[in-house]
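*Asks:* Right, I'll just put the structure down here and ask away after.
2 protein chains.
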Amino acid sequence: MSAIEQLREKLNEVSRLGQAAAVLDWDQQCYMPPGGGDARAEQSAVIQKVIHEKFTSDEVGELLETSASELNGASLDSDDAALIRITKMDFDRETKVPGALVAEQAKVTSLAHEVWVKARKEKDFKTFQPWLERIVDNCRQIAEHRGYKDHIYDALLEEFEAGTKTSEVERIFTDLRPSLVDLVQQIKDSPAKVDNSIMSREYPVEKQLEICNDLVKRIGFDFTNGRQDQAAHPFCTNFSNNDVRITTRFDAHWLPGSVFASMHEAGHAMYEQGSPDKFEGTTLSGGTSLGFHESQSRMWENQIGRSRAFIDYYFPVLKEKFPDSLGSVTAEQFYLAANKVAPSMIRVEADEVTYGLHIMLRFELEKLMIEGKVRFSDLPELWNTKMQEYLGITPKDDAEGVLQDVHWSSGILGYFPTYQLGNLISSQLWEKMQAAIPDIYSQIERGDFQAILEWLRSNVHQYGRKYLPGELIMRITGKAVDSGPYMGYLRTKYKDIYQLGD
Amino acid sequence: MSAIEQLREKLNEVSRLGQAAAVLDWDQQCYMPPGGGDARAEQSAVIQKVIHEKFTSDEVGELLETSASELNGASLDSDDAALIRITKMDFDRETKVPGALVAEQAKVTSLAHEVWVKARKEKDFKTFQPWLERIVDNCRQIAEHRGYKDHIYDALLEEFEAGTKTSEVERIFTDLRPSLVDLVQQIKDSPAKVDNSIMSREYPVEKQLEICNDLVKRIGFDFTNGRQDQAAHPFCTNFSNNDVRITTRFDAHWLPGSVFASMHEAGHAMYEQGSPDKFEGTTLSGGTSLGFHESQSRMWENQIGRSRAFIDYYFPVLKEKFPDSLGSVTAEQFYLAANKVAPSMIRVEADEVTYGLHIMLRFELEKLMIEGKVRFSDLPELWNTKMQEYLGITPKDDAEGVLQDVHWSSGILGYFPTYQLGNLISSQLWEKMQAAIPDIYSQIERGDFQAILEWLRSNVHQYGRKYLPGELIMRITGKAVDSGPYMGYLRTKYKDIYQLGD
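Take a look at the structure:
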């Protein structure tokens, strides 16, 4: 066997164990009985340990070296070359950090999570603060071990958006922020108001479930190779490209909470279902980055799902399913209600205009924390000040302020920016796709999503992780990630909805 | 760390990986979409490989030796001594067989399974025959590697009913067979007939589901530490003593198919839920043998579930749930219908009187096969002859004859006898329990199952795998496995139902 064949065999084991770990996690969130938690934690920990041991072994290191030399002469654009490059990148990231530090962070975050849950419940940042300090300190050490050229935050971002630099994110966000703040202000000042109270009418859960299954099937989610379940939080996971699971949640008095979440998760899922068979069992399967993943989910949720064309197409189905609540509502009223913009405290409930500002605030605080440029005791105040500055509202307590997200308590820093990068990428792709499919909105209006999915398959999905996100967006659009198309999309859409001036 | 502490650490890893593998299998049978099969097979294979490597490592072998010598002076009845003994037994069984042979058998059975499915469909033993020959030949080699004193079949039985000998099973079955054949004949000849057509009326699946959940909860299945789902075949699996899953299946025109299967699986499940915390993550957790496991499921299904006392208690609930089908039925009619005896071709559908004869037939054929005393081409004929001899009926084709069970195609020989041993043990325990709880049937009649479950917990469940099945039955009843109580139970019950003479 050649070195690369041996490498593939090793990676297959690692990859299959990772898929198994994902099954355990899915079950935990969907079906596990309350008593199962302790044993599940042990099962996951053992699998993760085996994965880490197998992936970071000297043998993999040597096979990587030998494979690279065997490659001699092969095109750098070949799948083999990509496999070696991406695996080397993952291998370096995982081997550079001492096991003891990884274990220490796992232990701290496991305890910190409980503290955070309690602190959020009691709206009291102070009890969580020392834990956050330890977590950030560990993150800083992890980043130092990984190494970086320009900015320590690069080493954290790298895990979620490989190849993307802090300076690039800063440039993009700095450019975008005033435009977003201005658009939010214009909408606030507009005499046109949107009423979304129809969304809070009675929507029986069983019927929402039927709608969500119907909806994702229509747009292209493949139930032969996936399924949808109910969970406390909507998410997408996969155990191969042929077994992709999504979840949604139901509130009998909030229809968008399930419907648009389902489209969002189906967007993630179709990316995974589109990952090519040839990459299965290797480091190249799946999506190239969190940002690109989010571009897929956001596109199906927003550019498509919340478009007038889509609502014209699908509203009759909703109306038939919920005659009591929607019988006297028009598609246009539903369209407006689905696109109401209003500054709010909680990121996960934010509309597509204000969402980016929630992200920027977090990115700025994370950077200050990791640079050591903020006193942790000042974080709640700083959070609230920025909320006032960007969105014109101030949290009444830490629970709807600095304590709202789970990420930091889990040791996840460098993740937040990818949500907004995803929004930007979705608009860059959408612009390109519109050029390729000029009658895109007519197709959506008649429920034909085939050309859209095919475009995504051939431009994005088929490459798996072969190209870094920055390379992929360049291949597709000829440009780096850029906020222009996103702002253009928002301005056009909301100018119409809120009757704004030029 | 002492050797035994190190050993416990190793065993914890092996045990947790085993639990993870069980989650994958559960998902495959309950929720996995059709496309997920190939990846799931790879995931399971990799986990099993890691389990095998970890468990059969030289390190575990050395830790076992050192632990045993450290034990010096400790009571042989201690948990540590039991851990070493049982682990050594498992370790020897797994290490004695060459990896290549294990892999060969895994490959053959994987292919043979498909052949068997097709052969059964086409009712044609001949295409499956060469595969069965290979499988049995591998089983013979495996048995030789494992080693045995008296009979080669001992080495196969050992895996499922440790410590139990072929000669013992033969003695028990030889004793039991004529009594069973005679009882079946008496029932056939009796002028009293039982009509169970009420069981085939309309029983909507959603309502059966509610009943099955209600039923197992009432008898003691703990939903905080378990759940019930739907699957093609009823089964019980567990991912710790605090996460025990059971499944059932529904046929809108066959009520016993779900109700008694649920009680059966709940019996298995309560054994697992009763496995003590101190044995979690070791080789001592769970049930001591398949026979003992089956004693639990059969007791809840038959001695309890199909008793007049239980049906008097629960029939009003059924009647209220299914007024159309059971409105004019009495509890007594339901009791009789639930206990109809009639020779039939398919083991899994057999009543509790004829069931044992199905098992004996299989045991006899397995023994002949492994001894090399039968021509494989003669198996269908031999099967049919024995069916006629024991049950007075002859299969019309191989599908309802020699091809009906999945076991042989999966390489599982030595398993069948444990079903009937379980029936015998269930009656031995039941006899003992009745002595301890004289008003047991009054308790059942008022829906009080606490004393029963407590008796099982303290006499059976709390020991996990600490004692071998033969030791455990001796501790509880002072006797070895014996068919007397079972025949006594059947005679008393069916004498009444079929108005038989003495």
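Residue numbers (our numbering), protein chains in the order written: chain A, 34 to 535; chain B, 34 to 535. Even for Gly, the Cβ is constructed at its ideal location relative to N, Cα and C.
1. Per DSSP, G259(A) is paired with what?
2. Would the stretch 274 to 285 of chain A count as touching the stretch 467 to 475 of chain A if we require 3 or more Cβ pairs under 8 angstroms?
3. Using 8 angstroms as the limit for Cβ to Cβ distance, is S273(A) near chain B?
4. Can you check which of these residues, D431(A), Y448(A), I470(A), G534(A), is closest to F161(A) by C-alpha distance?
5. 8 angstroms is my cut-off, CB to CB: does L317(A) come that close to chain B?
6. Does the stretch 516 to 530 of chain A touch the stretch 444 to 462 of chain A, meaning 3 or more C-beta pairs lie closer than 8 angstroms?
7. Which residues bound the beta strand (DSSP E) around N271(A)?
8. For K419(B), collect the residues of the same chain with a Cβ closer than 6 angstroms to its Cβ; drop the 5 residues on either side in sequence, then sort them by chain order.
9. Between which two residues does the alpha helix (DSSP H) harbouring S90(B) extend?
10. Which class does M65(B) belong to by DSSP, given the choice of helix, strand or coil?
11. In its own chain, which residues sit with a C-beta less than 6 angstroms from the C-beta of F206(B), not counting the 5 before and 5 after it?
12. Could you tell me which chain A residues have their CB closer than 9 angstroms to the CB of N456(B), listed as they occur along the chain?
13. Counting only beta-carbon atoms, is P66(A) nearer than 8 angstroms to chain B?
14. Are A299(A) and V249(A) close, meaning C-beta to C-beta below 8 angstroms?
15. Taking contact to mean 3 or more Cβ pairs, one atom from each stretch, closer than 8 angstroms, check whether the stretch 166 to 185 of chain A and the stretch 441 to 459 of chain A are in contact.
16. Along the chain, where does the alpha helix (DSSP H) containing G444(A) start, and where does it finish?
17. What is the DSSP secondary structure of R479(B), reduced to helix, strand or coil?
18. Measure the alpha-carbon distance for I337(B) versus R260(B) and round it to whole angstroms.
19. The alpha helix (DSSP H) with W463(B) in it runs from where to where?
20. Buried or exposed: which applies to N105(B), given that a residue is buried once 16 or more other Cβ atoms fall within 10 Å of its Cβ?
21. Any idea if H266(A) is buried or exposed, counting beta-carbon neighbours within 10 angstroms, 16 or more meaning buried?
22. Of all the CB atoms in chain A, is at least one closer than 8 angstroms to the CB of L57(B)?
23. Any idea what DSSP makes of G132(A), helix, strand or coil?
24. Got a sec, what are the start and stop residues for the alpha helix (DSSP H) M420(A) sits in?
25. Can you tell me which of the three DSSP states S328(A) falls into?
26. Indicate whether at least one CB of chain B lies closer than 8 angstroms to the CB of G314(A).
27. Beta-carbon within less than 6 angstroms of N275(B)'s beta-carbon, same chain only, minus the 5 sequence neighbours each way: which residues are those?
28. Check whether the stretch 433 to 440 of chain A and the stretch 122 to 135 of chain A are in contact - that is, three or more C-beta pairs closer than 8 angstroms.
29. Closest to V56(B) by CA distance: which of L40(A), Q39(A), Q76(A) is it?
30. Please list, in chain order, the chain B residues whose beta carbon lies closer than 9 angstroms to that of Q241(A).
31. Could you tell me which chain B residues have their CB closer than 7 angstroms to the CB of V83(A), listed as they occur along the chain?
32. What residue does the alpha helix (DSSP H) around K354(B) start on, and which one ends it?
33. So, does the CB of L50(B) fall closer than 8 angstroms to a CB anywhere in chain A?
34. Expressed to the nearest angstrom, what Euclidean distance is found between the alpha-carbon atoms of I220(A) and A53(A)?
35. If we ignore side chains and look at the alpha-carbon of each, how far apart do V362(B) and Y531(B) end up?
36. Residue range of the alpha helix (DSSP H) that E192(A) falls in?
*Replies:* Judging by the given coordinates:
1. V277(A)
2. no
3. yes
4. D431(A)
5. no
6. yes
7. 269 to 271
8. L394
9. No alpha helix (DSSP H) holds S90(B); DSSP gives it neither H nor E.
10. coil
11. M393
12. Neighbours of N456(B) on chain A: none; closest Cβ ~30 angstroms, over 9 angstroms.
13. yes
14. yes
15. yes
16. Element bounds for G444(A): n/a, residue is neither H nor E.
17. coil
18. 21 angstroms
19. 449 to 469
20. exposed
21. exposed
22. yes
23. helix
24. 412 to 424
25. helix
26. yes
27. N258
28. no
29. Q76(A)
30. Going along chain B, no residue has its Cβ under 9 angstroms from Q241(A), so there is no contact; the nearest lies around 19 angstroms.
31. V83
32. 341 to 354
33. yes
34. 47 angstroms
35. 19 angstroms
36. 187 to 193
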